[in-house]
Amino acid sequence: MRKDSSSRNSKGSGMGRKKALHPSHIKRFLELQQSGDLKSALAYAEQLSSQFPESPQAWELYANGLAVLGRLREAAAAMERVVETSPVANPPQWLKLAQYLILGGEAKKAIASLERVVSHQPENVEALAWLSRAYYEMDDTSSGISVSDRALAIDPLHEETLVWRARIQDRLKQHEPALETLGRLLDVAPKRVGVNNHIASLYVKEGDYSNAEKYFNNELELSPDNGRLLCNRFIANHYNPGYSLEDLFYQAVEWDKKFSSTSVVKRASTLLDPEKQLRIGLLSGGFRTHPVGQMILPALNNLKSEECFLVAYSTNQKGDALTGEIKDAVDEWKVVEGLSDEQLDKLIRDDSIDVLIDMNGAGEGSRYGTLVKEPAPLLVKWVGTLINTTGLACMDYLISDHVETPEGVDQFYTEKLIRLPDDYICYRAPDYIPDCGELPVLKNGYITFGCLNNPAKLSPPMLAEWAKLLEEVPNSKLLLRGIQFESQRFCDKLREAFAKHGIGSDRLLLEGGAKHRQFMATYQRIDIALDTWPYSGGLTTCEALVMGVPVVTRVGPTFAGRHSATHLSAVGLDELVAESWDDFIHQAVGLATDLDALSRLRCSLRSRVMASPLCDGPRFASHFYNALRAIWQRHCQGRAPERLNFDKSGNAWFGEQKDNPVEVVKAAADVVNTQVESGDDSQDERFDWELTEPVTVIDNTARLAYHPECSRAVAEKKLAVICFDPANQLEKRANALAFQGDFHHFPYAVLGDGSPRVVYDHGDGSLSTLSRRSILDENKSHIILDGSEEETRINTVALDHIEGIPNLDVLILDELHDTLSILDNGVKAVKNTLAIEVAVVFSTQNHGKLEIGKAIQWMEKHGFRFHSLTKMDYRCHFPEHLEQVEGFASELEWGNALFIPSSDRLDQLSEMENKKLAYVLDVFFGIKDLSFRLLEKMGGQTARKYGIHIGALSPTDSPAFPVKDGHGASFVSCVDDLKCKKVGKKLCVGVPVYNEEKYIRRTIRSLKEQDFEDVSFLISDNCSTDRSLSIVLEEVCGDERFEVFKHEKNIGGYANFEFLFRSTNSEYFMWLGGHDYLSKGYLTRVVSEIEADNSLSMVCGYPFGVVDDGRIETPVEKAVYNFNNDALPEVRYLESVAKISNCTVFHSVFRRRLLRGFEFRKTISADHVLLSHLLWFGGIKQISDVKYIRRYFSSRDQSQSQRISGENKVLERDDFFKYYEDGLRLLYKINESSVKVPFSIMLKNVSEVLDIRFSKKTVSQ
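Residues 1 to 1261 (UniProt numbering) make up the sequence shown, in order.
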């Protein structure tokens, strides 16, 4: 209900209560816009919206001002305010809101507004056209077509409806209907820009290159300076054999001139530190089961987080199971659909991306408009419409290999080539990959050639050569598959092309599109795959090879023509790469006439592919990272990009400098800080400390600069550092930090009393104002030092004489200087200091070093107290020749002591001082408890948020504390309030969780992706001590199917299973392990199966396994059971006792009522008893087309008994036997009238089977 505007504005100025704008206001806004002063117009509209907050007109002007500047999401938010403040129903406003939402990349949110318009105005064709567009953006093509049908019934010639109808038909691969729609559109609007371009692209897909050329030229007449059009034509011409490498290069260069901006572009810059963790941006619309997703995931999974920080920018909202894996592999995920070129440019710059990798190219979702703004220091092209040079002058590098771009082609690339040692991609085979099957010719009696490449690549010259091949191999057939073959016209055209070369239609097998699993299974009917020319297959070649089918290719003139060649080379099949058509036919005929060799190849090819560099993620990632680090190091040196070549051993060199290989440095994050121990950086998201001023640090050790958090803290203005470096060891790193923020480096200077001091060079790079003699302990004072010290004088700086520092928050002192002298000359400076770390010794005999007792005495006198030792070093008392043996040193010799304000001073700290100290303790010393206490003193929610962040709070310290998101959704509920207990569903899935932080995210995402609707998910956290619960809450936020419960203590794994079952209400139930996951569509499939067959008690998908942190899913044949479902219950029960070993089937969907009266007990192998109980009542079915993926572990921290019981105890096998006996008694009691086998005989049989299986005494009768 709309609030009364008078009550909303009862306070404030009289102007704030005004609702109507004066016409002069609107006139002024329009004048500013029409003059081109868009920013002033926006500022004026913003001012009006502030002065007239209840005026729909004011907010609509503001929305329009935002929209014209491309700030569409903000414009949509402003239009929401328009709708809110409008006193009457206003369909035009609802339509404009929807338009801004769609243009801003939020099509899903626009649906409600558009349907609201249509409900008020059913004949509003414009609203229907936008609704069809919204469905197109959401990839809901059937709804989109249905809406466009409604619109065309009202107005058959409505332009926008025809535009989006054609796009939807194109997406559905309905090329003929799309061409018909576009023909109608041309009749209506012959000069409309974009129509001819769309027609041309459809003709390319049809392989009709001459018509494509015609319509591209028509479009150019309408829009001669359209860079996007020139780009489309450039891509299309790669299919056409009439264009040479040189032709295409000149086209690329030409369209770049029109596409790129003529204004001066300022290239983004980031911290020039060759050793820092690289921030790598990945820009793509293919983060899913798509050539991009399948060719980058192995690399992403194997890049080290300390070396690379990965930010994924998704240019659309499409996703599937592979998307979830990519999200897991990157550090940040951002959807940028709807952002203007300027907004995306700003986002990437704000993210401080060092290397931006484009994986869209000129294809779908292309963001060349952003790339030409040069939003990162280095721009790199990798997979994703990677068919040739991009032609972009701004693109620095292109990732390739020695086959895709052989020596001598560099002049045809505007980028500098990075030639990796193997393939330029790393292939990830899908989880559902079918079996290879036997060689089809053995069954058919004839060779089947095949090609599953995009039919757009079927060029006429190539078809003529294929016809020759079919003539060479008598009775052979050719299988072609693709969505285009669903068109009779397209099939007839292809048959005519082969008929011209004497090949009858009976030798052609033409099949339409299919879902990917079925599509790949097509290779089971193909003996030999033929690659297309001049545009080669990429992903399809990888798929053919992994399906055991060899591919014969003739290389084309461009990068696009050499995809198959590089993949074949990577798996060691270079002989199948032909340089001429004669060689192509020769190789294909050779394979076809040696069936023994072809059969052997089919049997071995998959394992050969999986073991090759084509699928070797760790190897590829190593070379990939070295390439990125090498070009970054070169950039930091101020040198222009240069080609980078690798040899097979992984050695790399720039240009012609093969004798001068690149030395790749490790990321600075690998450097272990010797001054301050790193805090816990395991969190997925960083805590917002809300520091409004930096922490000022004086570091007299020159070590803080190497702390993993230092660079980030300086860049984020959380840290201001004054660093004294007597030996000038930090010169290069200090310059980089100073470039990034407030880092002041003072070489050849040190803290002291302000007078010159002799410093001693100890030969290890360090300088000390203490003689080397004085820092040796008494047991080593006999060492002769003559000639080992070089004396130099250096000025020291007294702390109290340093000017311009309002507050010194942290002071860090090491063991190399006179600490007491430094402190005595800094009493005023440290008066309000929050933390002091000093090196101390624990023996009074260490001359010159600060003894712990004296340190504590000085600190207490000046308002500090000892907190802890942040670093310790021990002395070993073995003789010298054994002293290096690790693990035996026992006497605490020295350490770094941390001092904080005394209790009285702590109580008097301001809010900002509390925050600063908490920040320093957490981030640089790893101290969480005191940080929490300091934040707790401030009140509010900060401490609680911090407690949840570090895992100290759960986000609850009781079993039933409700945690709400911004929409009030409850995530953790009282057991009595669990909705899944009160509201019955068709199915409930229970997920028991205990310390699964590494795996639970994937588990939850597999549930979120399920399309079964009548379901509830209950997650029961068994008092995890890691971040499992926090991750769960993050993942389930906003999904009402989920409820989450946390136990106060670990009740044991089996008790948690029982809790989940007892706390839910549903017809069917299943448990999903907290480290397992399901394939897409799993729940719908298994529930439909169990509902269709009353003889089944449970249904499960096909069992697959992954090991530890692995990602390769393999079938687990030993977990497949074929019980006789029609047998007597007693027979089926005994069979289960004898056979069940792998209990993946414990996670089946089963009928809840079958466990009425069943007792859950904490015994070893308790799941066996439960499974046998269920199998008494019916059979089990395991479905092959969906997967239950179970994670297996090579070792576990707890024994099986500990996991089951939640206690440190051993469960006895005798209890398991007794459990079986009692369970059998219950079954006989329930089914007394129907049992056929006497109980005594049944118990004896069960006892004997258990005795044999588990080598224990039989159960008593």
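Using N, Cα and C, we set each Cβ at its ideal position, and we do this for glycine too.
What number of angstroms, rounded off, separates the C-alpha of Lys-1162 from the C-alpha of Arg-1190?
22 Å
If we call anything under 8 Å between Cβ atoms a contact, is Pro-56 one with Ser-86?
yes
Return the Cβ separation of Tyr-413 and Leu-398 in integer angstroms, given the expectation that the two are a contact with Cβ distance under 8 Å.
6 Å
With a CB to CB cut of under 6 Å and the five nearest residues on each side skipped, what residues in its chain are close to Gly-144?
Ser-132, Tyr-135, Tyr-136 and Ile-168
Candidates Leu-300, Lys-304 and Cys-308: closest to Leu-322 by CA position
For Leu-322, the nearest C-alpha among the options comes from Leu-300.
Nearest neighbour of Gly-445, chosen from Asn-475, Lys-468 and Tyr-427 [CA to CA]
Asn-475
Does DSSP classify Ala-458 as helix, strand or coil?
Here residue 458 is Leu; the residue named in the question, Ala, does not match the sequence. It is a strand residue.
From Lys-515, Asn-211 and Arg-184, pick the residue whose C-alpha is nearest to that of Leu-452; which is it?
Here the closest residue by C-alpha is Lys-515.
Hey, is Gln-740's beta-carbon within less than 8 Å of any beta-carbon in chain B?
Protein chains in the displayed structure number just one, and chain B is not present.
Using DSSP with H/G/I as helix, E/B as strand and the rest coil, what is His-1047?
If DSSP states are grouped into helix, strand and coil, His-1047 belongs with coil.
If you scan the segment 154-215 from start to end, which runs of the alpha helix (DSSP H) of 4 or more residues do you find wholly inside it?
As far as the segment 154-215 is concerned, its whole alpha helix (DSSP H) runs of at least 4 residues are 159-171, 175-188 and 195-205.
Taking the beta strand (DSSP E) that Gln-1182 falls in, what are its first and last residues?
1179-1192
Cβ atoms of Phe-924 and Gly-947: under 8 Å apart, would you say?
no
Could you tell me how far apart the beta carbons of His-565 and Val-577 are, in whole angstroms, since I believe they sit closer than 8 Å?
The sequence shown places Ala at residue 565, not His. That belief holds up - the Cβ atoms of Ala-565 and Val-577 are roughly 5 Å apart, short of 8 Å.
Taking only the alpha-carbon atoms, compute the straight-line gap between His-1047 and Arg-419 and give it to the nearest angstrom.
55 Å
Out of Ile-387, Pro-406, Ile-483 and Leu-628, state which residue places its alpha-carbon closest to the alpha-carbon of Gly-561.
Ile-387
Kindly list the residues whose CB is nearer than 8 Å to the CB of Val-265, restricted to its own chain and excluding five residues on each side of it in sequence; keep chain order.
Val-372, Lys-373, Glu-374 and Cys-394
Own chain partners of Gly-513 with C-beta closer than 6 Å, once the 5 adjacent residues on each side are dropped:
Closer than 6 Å at Cβ, skipping near neighbours: Ile-483.
Tell me whether the segment 333-346 and the segment 295-314 touch, counting them as touching only if at least three CB pairs, one residue from each stretch, are closer than 8 Å.
yes
Going by the CB atoms, is the gap between Leu-568 and Thr-558 shorter than 8 Å?
Pairing Thr-558 with Leu-568 gives a Cβ-Cβ distance that is not under 8 Å.
Tell whether a beta-carbon distance below 8 Å holds between Ile-425 and Met-295.
yes
Give the single residue among Leu-478, Val-759 and Asn-832 whose Cα lies nearest to the Cα of His-817.
Comparing Cα positions, the closest option is Val-759.
Going straight from the alpha carbon of Leu-1128 to that of Phe-1057, what length do you get?
Distance from the CA atom of Leu-1128 to the CA atom of Phe-1057, rounded to whole angstroms, is 29 Å.
Closest to Val-1186 by CA distance: which of Pro-613, Cys-1100, Val-1237 and Ala-1119 is it?
Nearest to Val-1186 by C-alpha distance, out of Pro-613, Cys-1100, Val-1237 and Ala-1119, is Cys-1100.
Given this structure, state the Cα-to-Cα distance separating Pro-461 from Pro-241, to the nearest angstrom.
8 Å
Unbroken beta strand (DSSP E) runs of length 3 or more, entirely within the segment 427-493: which are they?
448-451 and 477-481
Taking only runs of the beta strand (DSSP E) that begin and end inside the UniProt domain "O-GlcNAc transferase C-terminal" (272-424), which ones reach a length of at least 3 residues, in chain order?
Segments of the beta strand (DSSP E) lying fully in the UniProt domain "O-GlcNAc transferase C-terminal" (272-424): 278-284, 308-314, 332-335, 355-358, 378-381, 397-401 and 416-420.
Could you tell me which residues DSSP pairs with Trp-894 in its beta bridges?
DSSP lists Val-841 and Asp-873 as partners of Trp-894.
Going by DSSP, what residues sit across from Trp-1071 in a beta bridge?
Gly-990
Residue interval of the beta strand (DSSP E) (run including His-563):
Note, His-563: premise wrong, no beta strand (DSSP E); alpha helix (DSSP H) at 563-570.
If you drop the 5 nearest sequence neighbours on each side, which residues of the same chain put their C-beta closer than 6 Å to that of Val-1249?
Val-1137 and Ala-1138
At the level of alpha carbons, what is the spacing between Arg-1223 and Val-1044?
Residue 1223 is actually Gly in this sequence, not Arg. Rounded to whole angstroms, Gly-1223 to Val-1044 spans 31 Å at the Cα level.
Can you pull the DSSP bridge partners for Arg-905?
Bridge partners of Arg-905: none, in fact.
With a threshold of 16 other CB atoms inside 10 Å of the CB of residue 1266, please say whether the residue is buried or exposed.
No answer is possible for residue 1266: the residues shown for the chain start at 1 and end at 1261.
N- and C-terminal bounds of the alpha helix (DSSP H) containing Arg-619
617-636
According to DSSP, Pro-241 sits in a beta bridge with which residue or residues?
Answer by DSSP bridge pairing: none, since Pro-241 is not bridged.
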